[in-house]
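Below is one structure, written out as structure tokens; the observations come after it.
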Amino acid sequence: MIDLPAFESLARRLDHAQVSGSDTPSLADDVELDVADAYAIQALLIDLRKRRGEKVIGVKLGFTSKAKMAQMGVSEVIVGRLTDAMRVAEGGDVDLRRFIHPKIEPEVAYRLGPDFDGTDETADIADCVHAVAPAVEIIDSRFRDFRFTYTDVVADNTSAAAFAVGAWKPLQPVDNRAVRLTVGGAEAVGSTSAILGDPVRALHALGRVCRQRGIALHAGDVILAGAATAALPFTGDVAHCEVAGLGTVTVKGVRP
Ligand code: 0L1
Ligand code: MG
1 MIDLPAFESL ARRLDHAQVS GSDTPSLADD VELDVADAYA IQALLIDLRK
51 RRGEKVIGVK LGFTSKAKMA QMGVSEVIVG RLTDAMRVAE GGDVDLRRFI
101 HPKIEPEVAY RLGPDFDGTD ETADIADCVH AVAPAVEIID SRFRDFRFTY
151 TDVVADNTSA AAFAVGAWKP LQPVDNRAVR LTVGGAEAVG STSAILGDPV
201 RALHALGRVC RQRGIALHAG DVILAGAATA ALPFTGDVAH CEVAGLGTVT
251 VKGVRP
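Per the UniProt record's numbering: the sequence shown = residues 1 to 256.
Set out below in structure tokens:
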């Protein structure tokens, strides 16, 4: 039987892995969790970060591509929280020493105008976003050798590690835009249509998960809608992402 102290202990285990940059085996090796349990552990993990002074400033979606959903055998996106400690300024340096095995992926970001009240069945989250921007997300699974289950990755705050957002533009359709990510000499090319066919669908999927899991969204929150290509290893070097017609965002991985 999994009870609150057991959830807290699993949240502390994942928090320790993130803070110390040391990986941990799959939680599924020790306990059987369902998706509700996994979101409860994620919430406790975020509480630990808040107690250290971090502020939640948005959310991110994962498993927004058909390929990734098929690989995990699921049909719903996953949602994690973004905190201010994860934010990197556009053009800024990312200290890679704090990560375990970081990867970077090109994304589309939205910004919420008003709060989104998930308890209001008539509220449409797509009506609540007022701005859109190119973005990159750095993911860093805390699980050893990337061996994780669906519930593992939800509990692990969906591998969220860091992110950067380019210049915001007024809300506009961003479906079917060419996307290019380069990291040093490596390149990934794709399209925003890899994000559930159209990133706006990611917003609707987010609304569903927020309602179901009691995740609150607030005015000004950043929403990372999902990856437009497979992630590239981020072992250093400059990472540059361009979303056609939307703009660019650049970060530099450093080991000072
Ligand atoms: O942002 C995402 O697409 C979630 C990634 C979670 C899985 C991974 O670490 O590869
Ligand atoms: Mg992502």
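From the three backbone atoms N, C-alpha and C, an ideal C-beta is built for every residue, glycine too.
Remember, it's a predicted structure, so these values are computed and weren't measured experimentally.
Beta-bridge pairing by DSSP links Phe-143 to Thr-24. Inter-residue distance for Val-59 and Ile-223 is about 5 angstroms (C-alpha atoms, whole angstroms).
The continuous alpha helix (DSSP H) containing Ala-67 extends over residues 66–72.
Placement of the Cβ of Leu-224 at a distance of less than 7 angstroms from at least one heavy atom of ligand 2 is found. Listed in chain order, the beta strand (DSSP E) runs fully inside the segment 184–253 are 186–191, 222–227, 237–243, counting runs of at least 3 residues. Between Gly-253 and Val-94, the beta carbon gap of about 5 angstroms places them in contact (Cβ cut-off 8 angstroms). Exclusion of the five residues before and after Pro-25 leaves Arg-144 as the residues of its chain whose Cβ lies within less than 6 angstroms of its Cβ. CA-CA distance, Met-86 to Pro-199, rounds to 22 angstroms. In this structure, the beta-carbon distance from Val-179 to Val-249 does not fall below 8 angstroms. In this structure Ile-57 is in contact with Leu-82, their Cβ atoms being roughly 6 angstroms apart against a cut-off of 8 angstroms.
In chain order, Gly-21 place their CB closer than 7 angstroms to the CB of Arg-98, counting only its own chain and leaving out the 5 sequence neighbours on each side. Going by DSSP, Asp-95 is part of no alpha helix (DSSP H) but of the beta strand (DSSP E) stretching over 93–95. Put simply, the segment 122–129 touches the segment 204–216. At least three CB pairs are less than 8 angstroms apart. Each of Phe-7, Asp-3, Pro-170, Ile-41 was checked against the Cα of Tyr-110, and the nearest Cα belongs to Pro-170. Taking one beta carbon from each stretch, the segment 184–201 and the segment 213–220 have fewer than 3 pairs nearer than 8 angstroms; the two do not touch.
Closer than 7 angstroms to some heavy atom of ligand 1: that does not describe the Cβ of Phe-234. With a cutoff of 7 angstroms, Lys-66 does not count as near ligand 1, since its C-beta is closer than that to no heavy atom of the ligand. Collapsing the DSSP output to three states places Arg-81 in a strand. Scanning the segment 88–137 for uninterrupted beta strand (DSSP E) segments of 3 residues or longer gives 93–95, 103–112, listed from N- to C-terminal end. Distance from the CA atom of Gln-172 to the CA atom of Val-129, rounded to whole angstroms, is 10 angstroms.
Taking a cut-off of 8 angstroms for Cβ pairs, the segment 113–120 and the segment 69–79 do not touch, as fewer than three such pairs fall below it. Distance from Leu-232 to Ala-188 at the Cβ level is roughly 5 angstroms; contact confirmed, criterion being Cβ atoms closer than 8 angstroms. Using a Cβ distance threshold of 8 angstroms, Val-136 and Val-251 count as a contacting pair.
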